[in-house]
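**Student:** Just passing along the structure, written as structure tokens.
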Amino acid sequence: MFVSRSQADIQPGEAPVRRLYRILVRDLVLKCLIGIHAHELLAPQRVRINVDMSVLEQAGPLSDDIANVVSYEDVIDGIKTMLAEGHINLVETLAEKIADLCLIDERVETARIRVEKLDVYAEAASVGIEIERGRK
């Protein structure tokens, strides 16, 4: 839910508005070992990853400090580290792991993750999965 009024606009007795912003990682293409078939165990293949996180805005005025926001650089570095750890059988597993990575930061309310294998079928641009996870 995006709102434009500030916390100063809240009337007495009214609950503060939870303001959200989105962090996006679009079309991140990386090579990794993924899949259940014998040939997928040996040769890396390209996957395209998209991440869309709904993040709680900091209280008070915006501060121009990276420590006050969720860093997309940290998310990308975390995904690269995850892929370097070794083979993953399913795109579903990879998507869940990426969602878990995003939700480590308590400011992240929801994470929508899309993982696509790009070179599986000549007739299709990609095959994959999209999930959305949030705080319990």
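Under the UniProt record's numbering, the residues of the sequence shown are numbered 1 to 136, in order.
For every residue, glycine included, the Cβ atom is placed at its ideal position computed from N, Cα and C.
In angstroms with no decimal places, state the Cα-to-Cα distance between Leu83 and Pro12.
**Tutor:** Residue numbering aside, residue 83 sits at position 83 when the sequence shown is read from its first letter. Residue numbering aside, residue 12 sits at position 12 when the sequence shown is read from its first letter. Answer to the nearest angstrom: the Cα atoms are 50 Å apart.
**Student:** Tell me whether Arg80 is buried or exposed, calling it buried when 16 or more other Cβ atoms sit within 10 Å of its Cβ.
**Tutor:** One-based indexing of the sequence shown puts residue 80 at position 80. In the sequence as displayed, the identity of residue 80 is Lys instead of Arg. So Lys80 ends up on the exposed side.
**Student:** Taking the CB atoms as reference points, tell me whether Tyr21 and Val55 lie closer together than 8 Å.
**Tutor:** Numbered from 1 along the sequence shown, position 21 holds the residue referred to as residue 21. Numbered from 1 along the sequence shown, position 55 holds the residue referred to as residue 55. Result yes, Cβ atoms of Tyr21 and Val55 sit closer than 8 Å.
**Student:** Quick check on Val47: buried or exposed, where buried means 16 or more other Cβ atoms within 10 Å of its Cβ?
**Tutor:** The sequence position of residue 47 within the sequence shown is 47, counting from 1. By the neighbour-count rule (16 or more Cβ atoms within 10 Å), Val47 is buried.
**Student:** Please say whether Val51 and Val70 have beta carbons closer to each other than 8 Å?
**Tutor:** Mapped onto the sequence shown, residue 70 falls at position 70. Mapped onto the sequence shown, residue 51 falls at position 51. Contact flag unset, no.
**Student:** Determine the closest residue to Met53 out of Ile104, Ala124, Ala122 and Ala125, with distance taken between C-alpha atoms.
**Tutor:** By one-based count along the sequence shown, residue 53 stands at place 53. Out of Ile104, Ala124, Ala122 and Ala125, Ile104 has the C-alpha closest to the C-alpha of Met53.
**Student:** Based on the DSSP output, what are the partners of Ile121 in its beta bridges?
**Tutor:** Within the sequence shown, numbered from 1, the residue matching residue 121 stands at position 121. Just to set this straight, residue 121 is Tyr in the shown sequence, not Ile. The partner list for Tyr121 (beta bridge, DSSP) is empty, contrary to what the question assumes.
**Student:** Distance check for Leu118 and Thr93, CA to CA, integer angstroms please.
**Tutor:** Along the sequence shown, read from residue 1 onward, the residue named residue 93 stands at position 93. Along the sequence shown, read from residue 1 onward, the residue named residue 118 stands at position 118. Rounded to whole angstroms, Thr93 to Leu118 spans 17 Å at the Cα level.
**Student:** Express the C-alpha separation of Ala43 and Phe37 in angstroms, rounding to a whole number.
**Tutor:** On the sequence shown, position 37 is the one that residue 37 refers to. On the sequence shown, position 43 is the one that residue 43 refers to. Note that residue 37 is His in the sequence shown, not Phe. Distance between the alpha carbons of His37 and Ala43: 11 Å.
**Student:** Residues in its own chain within less than 7 Å of residue 138 by CB, not counting five upstream and five downstream?
**Tutor:** Because the chain here runs from 1 to 136, residue 138 falls outside it and cannot be looked at.
**Student:** Leaving out the 5 sequence neighbours to the left and right, which residues in its chain are closer than 7 Å to Arg107 when beta-carbon positions are compared?
**Tutor:** Taking the first residue of the sequence shown as position 1, residue 107 is located at position 107. Cβ neighbours of Arg107 beyond the five flanking positions: Val55, Leu56 and Val70.
**Student:** Candidates Leu41, Ala59, Tyr121 and Ile98: which alpha carbon is nearest Leu28's?
**Tutor:** Locating residue 28 in the sequence shown gives position 28, counting from the first residue. The option with the nearest alpha carbon to Leu28 is Ile98.
**Student:** Which first and last residues belong to the beta strand (DSSP E) in which Gly134 is found?
**Tutor:** The residue labelled residue 134 in the question sits at position 134 within the sequence shown. Gly134 -> beta strand (DSSP E) spans Val127 to Gly134.
**Student:** Quick one: which unbroken alpha helix (DSSP H) runs of 4-plus residues sit fully inside the segment 27-101? Chain order, please.
**Tutor:** Segments of the alpha helix (DSSP H) lying fully in the segment 27-101: 38-42 and 72-84.
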